[in-house]
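A.B. asks: Numbering (the working numbering) for the sequence shown: 1 to 225.
Beta carbons: idealized from backbone N, C-alpha and C, even for Gly.
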Amino acid sequence: MADILAWLEEHGSAENRAGMARFGINATKAFGIGNTALRHFARTLGRNHPRAIELWETGWREARILALFTDDPGLLGLDRARAMVGDFDSWEIVDHAADPFVDAGHIDQLVPELAADEREFARRTAFAMIAWGAVHLKARDDADFLRYLPLIEAHAGDPRNFVRKAVNWALRQIGKRSMQLHGPALEMAEKLAASEDKTARWIGRDAYRELSDPERIAKIGRKRS
Numbered sequence: 001m002a003d004i005l006a007w008l009e010e011h012g013s014a015e016n017r018a019g020m021a022r023f024g025i026n027a028t029k030a031f032g033i034g035n036t037a038l039r040h041f042a043r044t045l046g047r048n049h050p051r052a053i054e055l056w057e058t059g060w061r062e063a064r065i066l067a068l069f070t071d072d073p074g075l076l077g078l079d080r081a082r083a084m085v086g087d088f089d090s091w092e093i094v095d096h097a098a099d100p101f102v103d104a105g106h107i108d109q110l111v112p113e114l115a116a117d118e119r120e121f122a123r124r125t126a127f128a129m130i131a132w133g134a135v136h137l138k139a140r141d142d143a144d145f146l147r148y149l150p151l152i153e154a155h156a157g158d159p160r161n162f163v164r165k166a167v168n169w170a171l172r173q174i175g176k177r178s179m180q181l182h183g184p185a186l187e188m189a190e191k192l193a194a195s196e197d198k199t200a201r202w203i204g205r206d207a208y209r210e211l212s213d214p215e216r217i218a219k220i221g222r223k224r225s
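#1: Using 8 Å for Cβ pairs, my map puts Glu62 next to Leu38. What's the rounded Cβ distance?
#2: DSSP three-state label for Thr70, please.
#3: How many angstroms separate the CA atom of Arg124 from the CA atom of Ala21?
#4: Less than 8 Å between the CB atoms is what I'm expecting for Gly175 and Ala207, so what's the real figure, rounded?
#5: Could you tell me how far apart the beta carbons of Ile157 and Asp197 are, in whole angstroms, since I believe they sit closer than 8 Å?
#6: Are the region 26–38 and the region 50–65 touching by the rule of at least three beta carbon pairs closer than 8 Å?
#7: Given Ser13, which residues of its chain have a CB within under 6 Å of its CB, disregarding the five upstream and five downstream residues?
#8: Do the region 155–172 and the region 126–133 meet, that is, are 3 or more Cβ pairs less than 8 Å apart?
#9: Quick one: which unbroken alpha helix (DSSP H) runs of 4-plus residues sit fully inside the region 53–124? Chain order, please.
#10: Can you find the residues in the same chain that come closer than 7 Å, C-beta to C-beta, to Met179, ignoring five residues on each side of it along the sequence?
#11: Taking contact to mean at least 3 C-beta pairs separated by less than 8 Å, is the region 111–125 in contact with the region 159–170?
#12: Given that a residue counts as buried once 16 or more other Cβ atoms are within 10 Å of its Cβ, and exposed if not, what is Arg160?
#13: Kindly indicate which three-state DSSP category Ile152 falls into: helix, strand or coil?
#14: According to DSSP, is Asn48 part of a helix, a strand, or is it coil?
#15: Can you tell me the Cα-Cα spacing of Thr36 and Glu54, whole angstroms?
#16: Taking the alpha-carbon positions, what's the Thr70 to Ala52 distance?
#17: Restricting to Cα atoms, I'd like to know which of Trp91, Glu15, Glu57 is closest to Met230.
#18: So, with DSSP's three-state summary, where would you put Gly34?
#19: I'd like to know whether the C-beta atoms of Ala49 and Leu76 end up nearer to each other than 9 Å.
#20: Starting from Pro184 and walking both ways along the alpha helix (DSSP H), at which residues does that stretch end?
#21: At a cut-off of 8 Å, is Ser13 close to the ligand MG when judged by its beta-carbon and the heavy atoms of the ligand?
#22: By DSSP, does Ser225 sit in helix, in strand, or in coil?
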């Protein structure tokens, strides 16, 4: 652990920390290392669940990202994931965590639970997991994602920036998963675009713009049936 923290300290950058803050990343406790360098370093470390817990508990941004990159999803339990959500302090951590949370098999339990959670980053996690799962859970039935459309509609009026962007992301990824899902997602986008709520309108219009694009539709059509 000490050698990892030493590496992070050595490769940190004040300039990078300032740049992170401009992009809405919490850099209060950050060394200032880009994610490309962290991914390369993570590959040299390999997966290790106990070490990932130690890294996470340091509270350092880069250590937590390394924890997410190197944790073993098979050992990442539901209670542990819930505890981690309580530490989320930026959209960046949320979006990186969506990957191992989905890979650990927690999408069915955590999505409805976290969507109902009023904390901004907890709710974002729910929709980031939907977006991630729609792309990467290729063996799952499309019906598993169709059932998330009412959840998207229910929270499309949440005006908080990091929530509305994740809701939009989830809707677009569902619509791009297959032609079977494209139609219902496009219909939902149209419905939201006609909403009296300005946040829902933005989500709907932005999603409709992408999902109605002929080139995008053709690309979806070339995917598996």
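C.D. replies: Let me lay it out:
#1: Going by Cβ atoms, the distance from Glu62 to Leu38 rounds to 6 Å, so yes, they are a contact pair.
#2: Three-state DSSP puts Thr70 in a helix.
#3: Computed Cα separation, rounded: 19 Å.
#4: Sure, about 7 Å apart at Cβ, within 8 Å.
#5: It is Gly, not Ile, that sits at residue 157 in the sequence shown. About 5 Å; that satisfies the 8 Å criterion.
#6: Taking 8 Å as the limit for Cβ pairs, the verdict is that the region 50–65 does touch the region 26–38.
#7: Excluding residues up to 5 positions away in sequence, Gly32 lie with their Cβ nearer than 6 Å to the Cβ of Ser13 in the same chain.
#8: Yes: the two stretches touch, three or more of their Cβ pairs being nearer than 8 Å.
#9: The qualifying runs are 61–70, 78–85, 91–103, 107–115.
#10: Cβ-Cβ distances below 7 Å link Met179 to Ile220, Gly221 in the same chain, with the five nearest sequence neighbours on each side left out; the list follows chain order.
#11: Inter-segment contact for the region 111–125 and the region 159–170 is present: three or more beta-carbon pairs are separated by less than 8 Å.
#12: Burial check for Arg160: the Cβ neighbour count within 10 Å stays below 16, so the residue is exposed.
#13: Helix at Ile152.
#14: Judged by DSSP in its simplified three-state form, Asn48 adopts coil rather than helix or strand.
#15: Using only the alpha carbons, I get a separation of about 22 Å.
#16: Separation of Thr70 and Ala52 (C-alpha to C-alpha, rounded to the nearest whole angstrom) is 7 Å.
#17: Since the first residue shown for the chain is 1 and the last is 225, residue 230 is missing from the structure and cannot be characterised.
#18: Of the three classes helix, strand and coil, the one that applies to Gly34 here is coil, per DSSP.
#19: Sequence inspection shows His at residue 49; the Ala mentioned does not correspond to that position. Leu76 is positioned such that its CB atom lies closer than 9 Å to that of His49.
#20: Residues 179–193.
#21: As for the ligand MG, it is missing from this structure, which has no ligand bound.
#22: Reliability of the predicted coordinates at Ser225 is poor, the pLDDT of 48 falling under 50, and the value obtained from them is presented with this limitation in mind. Looking at Ser225 - three-state DSSP - the assignment turns out to be coil, as it is neither helix nor strand.
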